Amino acid sequence: MSKLPEKRFQRTIEDFTCDHCSEPIIGDGYTNHCPKCLWSKHVDIHPGDRACKCYGLMKPIGVEIVRGEHDIVHKCVTCKEVRRNQAHLNDDFKILLKIAESQEAE
């Protein structure tokens with residue numbers, strides 16, 4: 007009997023309060039970072055699974071353009087894992103630009 011492939015994305019709709027800036031966030035099932043400060047929390051192994059037990063804050067450290075879309079690069083302040091997450095239309099674009107500018111200055 008063959009093993010079925012592991013599901014790589016699980017839509018998890020949940021509201022949360024940002025652990026970095028305390029902004030209340032209404033989730034839509036694709037929300038994985040705060041749209042105000044762009045910080046995230048290290049809770050997933052695969053998007054939406056909530057299987058990671060690190061729970062460290064994920065600092066936005068860079069911006070990349072992938073297939074014409076902006077991705078926010080996050081680095082966990084606890085375990086140092088780096089992850090990319092797609093930016094959303096309701097994200098604070100000024101913060102996104104500041105991250106991109108600071109990345110270019112390095």
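For what it's worth, my numbering labels the leading residue of the sequence shown as 7, then goes sequentially. All C-beta atoms in this analysis are idealised placements derived from N, C-alpha and C, irrespective of residue type, glycine included. Here the structure is a predicted model, which means the values were calculated and not measured.
Asked: Runs of beta strand (DSSP E) lying entirely within the stretch 7-85, each at least 3 residues, in chain order; Found: 63-72 and 75-82
Asked: Bounding residues of the beta strand (DSSP E) (the contiguous stretch that carries asparagine 96); Found: Run containing asparagine 96: none; DSSP gives neither H nor E here.
Asked: Per-residue burial, lysine 59 [other beta carbons within 10 Å of its own, 16 or more giving buried]; Found: exposed
Asked: Proline 30 versus histidine 52: straight-line alpha-carbon distance, rounded; Found: 24 Å
Asked: Reduced DSSP category for isoleucine 105 - H, G, I as helix; E, B as strand; rest coil; Found: helix
Asked: Buried versus exposed call for asparagine 96 [16 or more other C-beta atoms within 10 Å across all chains shown]; Found: exposed
Asked: Buried versus exposed, by CB contacts within 10 Å (16 or more), cysteine 24; Found: buried
Asked: Proximity of lysine 100 and cysteine 82 at Cβ, strictly below 9 Å; Found: no
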